[in-house]
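Some notes on the structure that comes next.
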Amino acid sequence: MEIQEGKARISVDGVFYNPRMKFCRDLDVLVFTAMDSREYFDALSASGVRGIRAALEAGKFTVFNDISLKAVRLIEENLRRNGLSGEVLNGDAAALMRQRSFEHIDVDPFGSPAQFMDSACFSAKKYLSITATDTAALCGSATNSGLKKYGAFAIKTDVHHEVGLRVLIGFAVREATKYEKALFPLISWAKEHYYRVHFRVRKSTSFSAKVYGKMGYLAYCSSCLRKKVLGIGEGDERCKCGKKVKIIGPLWLGELKNRDFVERVAEVADGKLKEFLNKILVEADVPTAYSLPALAKIHSLTLPPAGIVVEELKNLGYEASKTHYCGFCIRTDADRDEIVKILESVKT
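With our numbering applied, the sequence shown closes on residue 1598, and no number is skipped along the way.
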């Protein structure tokens, strides 16, 4: 069976292809175009659709790889269908990334990228892109799995995607610092069943020390939903409400995007892609977020539109925005008590 996606015509006979990820691949193509790299290593290619689109639509020289010989033969067929040449490898992705370096590496597995991250961080010279579909392990729904795979403790919070994305980024950053490399998120998002992050890679002792300064923990009270950012080595056992808190982390406390980069990507986007990018672009660059329905429920309050709460917080001098992953969640540096005061005062 042949399908058309973007400018690519591909066969997907007998090899994994997920049509639900087309939006992600559409956005990836725009991101790749904004990157100043020529070589792109698609470490887990399957049908080869992402790598072929990177070549056709972003002008990249794609190096494909899959451990399945059947997938490799299909990739070669799909390259011919699209009049492309490319290097096609048939090996273990982690082992290949230990043997040679690549300008841009993309790790898009079925499940967790954890087993590939050490090798990917070792190999990537300029850019690193990762996908995780094991969101339960990252966001706290499967705490033990998160500890085993990502070396981070997480529990389910009112903003589980915020926590999951930051745990994933924090894990990647820690892996890279072993090789004196710093990872800076260019753009990241949580959507449906997956998390996606594109990083700029810099090889530098000073940069890796700087980026590690953006790691830390989140003290979370499951009773009143209060959150407090903690640096490495800091502690906090009790919430202001008197309840004991859970310490989530380590996780990334820095920016989830590079504003200039996202602006460049958004300039050439249209339709739903532009709408989505604009949501990311206006997000506040702070590490704490809250679910307004969860806060309103605790205090038996009527829920006003999230936009009104955001504007009230901005009027008080706080950073505030809605989040791209939830229409009723906000990201802000305001304390939860300030948000509750606004919920109490706003008339719907």
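Quick reminder that beta carbons are idealized off the backbone N, C-alpha and C, glycines included.
{"Check": "Helix, strand or coil at V1338 [DSSP, three-state]", "Outcome": "strand"}
{"Check": "From K1441, R1446, S1541 and L1566, residue whose alpha carbon lies closest to that of P1555", "Outcome": "S1541"}
{"Check": "Reference A1258; option with closest CA among N1328, D1520, L1415 and E1505", "Outcome": "N1328"}
{"Check": "CA-to-CA distance, T1312 to Q1365, given in whole angstroms", "Outcome": "22 Å"}
{"Check": "Same chain, Cβ closer than 6 Å to C1389, five either side skipped, listed in chain order", "Outcome": "H1410, V1413 and G1414"}
{"Check": "Close beta carbons around F1291, own chain, < 6 Å, minus the five adjacent residues each side", "Outcome": "V1313, F1352 and I1355"}
{"Check": "Those residues which DSSP pairs with L1378 across a bridge", "Outcome": "I1355 and F1449"}
{"Check": "Segments assigned beta strand (DSSP E), at least 3 residues, entirely inside the stretch 1266-1349", "Outcome": "1289-1292, 1311-1315 and 1337-1339"}
{"Check": "Beta-bridge pairing of Q1254 - partner residues as DSSP gives them", "Outcome": "R1259"}
{"Check": "Best match in S1472, Y1400 and T1552 for proximity to R1488 [C-alpha to C-alpha]", "Outcome": "S1472"}
{"Check": "Exposure label - V1417; buried when at least 16 CB within 10 Å", "Outcome": "buried"}
{"Check": "K1494, DSSP secondary structure in three states", "Outcome": "strand"}
{"Check": "Contacting residues, own chain, Cβ-Cβ under 6 Å from A1304 (five flanking each side not counted)", "Outcome": "F1282, Y1290, K1310 and T1312"}
{"Check": "Distance CB(L1545)-CB(R1586) smaller than 8 Å", "Outcome": "yes"}
{"Check": "Per-residue burial, C1579 [other beta carbons within 10 Å of its own, 16 or more giving buried]", "Outcome": "buried"}
{"Check": "Inter-residue Cα distance where the pair is G1499 and I1419", "Outcome": "11 Å"}
{"Check": "Check whether I1380 and T1393 have beta carbons under 8 Å apart", "Outcome": "no"}
{"Check": "Contacting residues, own chain, Cβ-Cβ under 6 Å from V1279 (five flanking each side not counted)", "Outcome": "R1303, E1307 and A1308"}
{"Check": "Local Cβ density within 10 Å of M1251, reported as buried at 16 or more and exposed below that", "Outcome": "exposed"}
{"Check": "contact_flag[the stretch 1342-1349, the stretch 1369-1377] where n(CB pairs < 8 Å) is 3 or more", "Outcome": "yes"}
{"Check": "Straight-line Cα distance separating F1403 from V1265", "Outcome": "35 Å"}
{"Check": "Same chain, Cβ closer than 7 Å to D1535, five either side skipped, listed in chain order", "Outcome": "E1505"}
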